[in-house]
Amino acid sequence: MATAEKRTNTSHKMPHAHDMSAILGEDFSSYPTIQIEAGQTLIAQGTVTTTCYILVSGQIAAQIEDTQLERQAVLPWRYTTGDILAARELFSGKKLSLNLIALEDTHAFVLDREALLGLITQNAQVAEQVILNLTQPQELMQQPLIDSAMANSPIKEVDFMISKAKQAYLDIQPLLESRIDEAIEALAQVIADDAEIYAKETVAESGMGVAEHKIEKIKLGTLAVAHDLIGKPGVGSIIEEHDGIKGIAQSMGIVFAMIPVTNPVETLVFKSLIALKSRNAVIISSHRRAKNVGLKAVKAMQAKLKELGLPVDLIQTSQMPSSRELTQGFMKHPDLNFILATGGPSMVASAYQSGTPAIGVGKGNAPVWIEESCDVEKAAKDVVFSKSFDNGVVCGSENNLLVDDAIYDQFVGYAIDAGAAVLNHFELHAIMESLFAHGSLNRDYIGKSAQEVCDGLGIKRDYPIKLIIAEMSIVDSDDSIQHPLMKEKLLPLVSLTRILDQEQALRTAAGILNNEGAGHTAVMHSNSEEAIQEYARIVDVSRILINTPATLGCIGANNNLQLSWTLGCGTQGCGSTSDNVSYRHLLNIKRIAYPLPADQQS
Numbered sequence: 001m002a003t004a005e006k007r008t009n010t011s012h013k014m015p016h017a018h019d020m021s022a023i024l025g026e027d028f029s030s031y032p033t034i035q036i037e038a039g040q041t042l043i044a045q046g047t048v049t050t051t052c053y054i055l056v057s058g059q060i061a062a063q064i065e066d067t068q069l070e071r072q073a074v075l076p077w078r079y080t081t082g083d084i085l086a087a088r089e090l091f092s093g094k095k096l097s098l099n100l101i102a103l104e105d106t107h108a109f110v111l112d113r114e115a116l117l118g119l120i121t122q123n124a125q126v127a128e129q130v131i132l133n134l135t136q137p138q139e140l141m142q143q144p145l146i147d148s149a150m151a152n153s154p155i156k157e158v159d160f161m162i163s164k165a166k167q168a169y170l171d172i173q174p175l176l177e178s179r180i181d182e183a184i185e186a187l188a189q190v191i192a193d194d195a196e197i198y199a200k201e202t203v204a205e206s207g208m209g210v211a212e213h214k215i216e217k218i219k220l221g222t223l224a225v226a227h228d229l230i231g232k233p234g235v236g237s238i239i240e241e242h243d244g245i246k247g248i249a250q251s252m253g254i255v256f257a258m259i260p261v262t263n264p265v266e267t268l269v270f271k272s273l274i275a276l277k278s279r280n281a282v283i284i285s286s287h288r289r290a291k292n293v294g295l296k297a298v299k300a301m302q303a304k305l306k307e308l309g310l311p312v313d314l315i316q317t318s319q320m321p322s323s324r325e326l327t328q329g330f331m332k333h334p335d336l337n338f339i340l341a342t343g344g345p346s347m348v349a350s351a352y353q354s355g356t357p358a359i360g361v362g363k364g365n366a367p368v369w370i371e372e373s374c375d376v377e378k379a380a381k382d383v384v385f386s387k388s389f390d391n392g393v394v395c396g397s398e399n400n401l402l403v404d405d406a407i408y409d410q411f412v413g414y415a416i417d418a419g420a421a422v423l424n425h426f427e428l429h430a431i432m433e434s435l436f437a438h439g440s441l442n443r444d445y446i447g448k449s450a451q452e453v454c455d456g457l458g459i460k461r462d463y464p465i466k467l468i469i470a471e472m473s474i475v476d477s478d479d480s481i482q483h484p485l486m487k488e489k490l491l492p493l494v495s496l497t498r499i500l501d502q503e504q505a506l507r508t509a510a511g512i513l514n515n516e517g518a519g520h521t522a523v524m525h526s527n528s529e530e531a532i533q534e535y536a537r538i539v540d541v542s543r544i545l546i547n548t549p550a551t552l553g554c555i556g557a558n559n560n561l562q563l564s565w566t567l568g569c570g571t572q573g574c575g576s577t578s579d580n581v582s583y584r585h586l587l588n589i590k591r592i593a594y595p596l597p598a599d600q601q602s
């Protein structure tokens, strides 16, 4: 690393060039010099140097290269007369972390370690300058500047992919809607045909979920989504018409689609299909733990696009290693039009902070009120089935059971019959010590089966364990609500609380969501419309699922919610929509407004 940013405090600088001979005294001629022409590199990034340099005249710039992303940036500081370059690396033996490039013809003295030490002993000013260079925490000083410079530096891969996407987007605008629908059906089918392969490869790569369940999810994300899209009005259509208003659908352009590790193939295909229906090009960003299976799916769809005579660059993904920097490069690109972000909170936040319009989805943590009027056996079976489906990784799945006292024991019995293990005190302690050792869920357990977790902790039952149920004390305080077991758990594990009255049920559900999961999903099993309406009034969510397995209900697979693998969480969940996202969210609507009759005008 270069030794110092140019200082404004002249007492800490070497004298100007005309004073150099006075400092070096009679030994001036013993120090070799070097002439560097403008544009030449004095020392290259990655060099282990055996010399340092004292600038006599000229100006040196610091440039950093990111070889992985094939980009470079010039940093906002300059070295001029009197600055000492590479002394730190000379003494430490570390590689230089910057390129040092001459901005103009430059003259410098060249000193090896022995010569620099000799000069330090001869001259107090030189010693002071070197000491300042070596003792200042320059890595900390420079890193924010490096990060800022790199963030604004173009990445060749990003520029290239964006340019191809832009052309592909333009090429499909004139097509008949029938060709778009034909392509949607074909792309869905080519992935669905190999659903078993994709499912098994997803489990192997991500270490999460159940292959048999992922097959079902992939078919929901392909064939079911295609069936939902085909025949719907597309770009150029009058998509809304009422009261003297005609809304004409327009595409957006280029969409950047971020894909979660929990549902990688189905979400990838879903976003590709809704982008195609809205005549946008899409660039896929798969999670690093599902990158290979994501790349395989994209290549399969590109091959089908080519077969259909459509631009293959309508769907792209980068083959570069996943990194925050690469993702930021796409999100902040001036030619990107929209971001669909499905993933963790930090990723969603970065999408909204990118400056590009975005839809991001928040965390789930569904409370489930099992109200006394419900079909108790069905409710228990639904919960066990739903939360064990694909090992509980669907974000809208059940997390916290609130069971009325009148049916509590009955519910627990039915849940056990369905394959649940209700933990005793010692088993609960083991779960907390292993899964929540640091106060939050250990990510290594996400997507693991209940049986695998129990086997690892010595928790035994005489039947296959599908779901782990952790009984909680009556929740009536902030501390109880904030217990790790009352937060999102993306594995077959739920909390269970005995509810003494309706007021407690409503208060507890609201508290759970206030702590985590606001805007996402709540569930209720009940045959009392009055209780359902009261629950709906209290819970601060975007979807309330009644008498249904939440894993299927939240995505619209078994009700009339929009079928979707991207679930908006409203402003409560720091999002921009509360809808189940569809192709219509990737359209701009141009509205033609006709005048009202004269007697109706303001």
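Under full-length UniProt numbering, the first residue of the sequence shown is numbered 1, with each subsequent residue one higher. A virtual CB, placed ideally from N, CA and C, is assigned to each residue, including glycine.
Buried or exposed: where does residue i fall if 16 or more other Cβ atoms within 10 Å of its Cβ makes it buried?
i	result
residue 221	buried
residue 367	buried
residue 196	exposed
residue 590	exposed
residue 183	buried
residue 110	exposed
residue 68	exposed
residue 571	exposed
residue 245	exposed
residue 227	exposed
residue 327	buried
residue 49	buried
residue 399	buried
residue 438	exposed
residue 409	exposed
residue 306	exposed
residue 423	buried
residue 277	buried
residue 160	exposed
residue 560	exposed
residue 579	buried
So, using beta-carbon positions, are residue i and residue j closer together than 9 Å?
i	j	result
residue 522	residue 541	yes
residue 394	residue 551	yes
residue 418	residue 467	yes
residue 191	residue 218	yes
residue 101	residue 53	no
residue 371	residue 505	yes
residue 253	residue 576	no
residue 282	residue 290	no
residue 261	residue 389	no
residue 362	residue 574	yes
residue 517	residue 568	no
Just reading off the alpha helix (DSSP H) that residue i is part of, what are its end residues?
i	result
residue 217	211-219
residue 441	Looking at the DSSP string, residue 441 is not in any alpha helix (DSSP H), and its letter there is neither H nor E.
residue 226	225-229
residue 529	529-538
residue 179	177-192
Can residue i be considered in contact with the ligand NAP, in the sense that its beta carbon sits closer than 8 Å to one or more heavy atoms?
i	result
residue 166	With respect to the ligand NAP, the structure offers nothing, as it holds no ligand at all.
Considering only residues of the same chain and omitting the five flanking positions on each side of residue i, which have a CB-CB separation below 8 Å?
i	result
residue 373	526, 527, 528 and 531
residue 301	187, 190, 191, 269, 272 and 315
residue 241	247
residue 600	none
Grab the span of the beta strand (DSSP E) containing residue i for me, first residue to last.
i	result
residue 109	106-112
residue 651	Outside the modelled stretch of the chain, which goes from 1 to 602, sits residue 651, for which no answer is possible.
residue 590	587-593
residue 522	521-525
residue 66	60-66
residue 41	41-43
Short of 6 Å in beta carbon distance, which residues of its chain neighbour residue i, apart from the five on each side in sequence? Order them along the chain.
i	result
residue 34	108 and 110
residue 22	In this prediction, residue 22 scores a pLDDT of 49, lower than 50, which makes its location untrustworthy; the coordinate-derived value is nonetheless stated afterwards. Once the five neighbours on either side are set aside, residue 22 has no close Cβ partner at all.
residue 223	188 and 192
residue 137	Its pLDDT being 47, under 50, residue 137 is placed unreliably in this model, and the coordinates cannot settle the point.
residue 171	311
residue 155	69, 71 and 329
residue 379	370 and 525
Just to confirm my understanding: we take residue i, look at its own chain, exclude 5 residues before and 5 after, and list those with CB closer than 7 Å. What are they?
i	result
residue 448	391 and 491
residue 26	Any reading at residue 26 must be qualified, since the residue scores a pLDDT of 45, below 50, and its modelled position is unreliable; the value itself is stated next. Here the set comprises nothing.
residue 65	45, 72 and 99
residue 335	162, 166 and 254
residue 543	521, 554 and 561
Going along the chain, which unbroken runs of the alpha helix (DSSP H) with 4 or more residues stay wholly within the region 321-369?
Fully enclosed alpha helix (DSSP H) runs of 4 or longer: 324-331 and 345-352.
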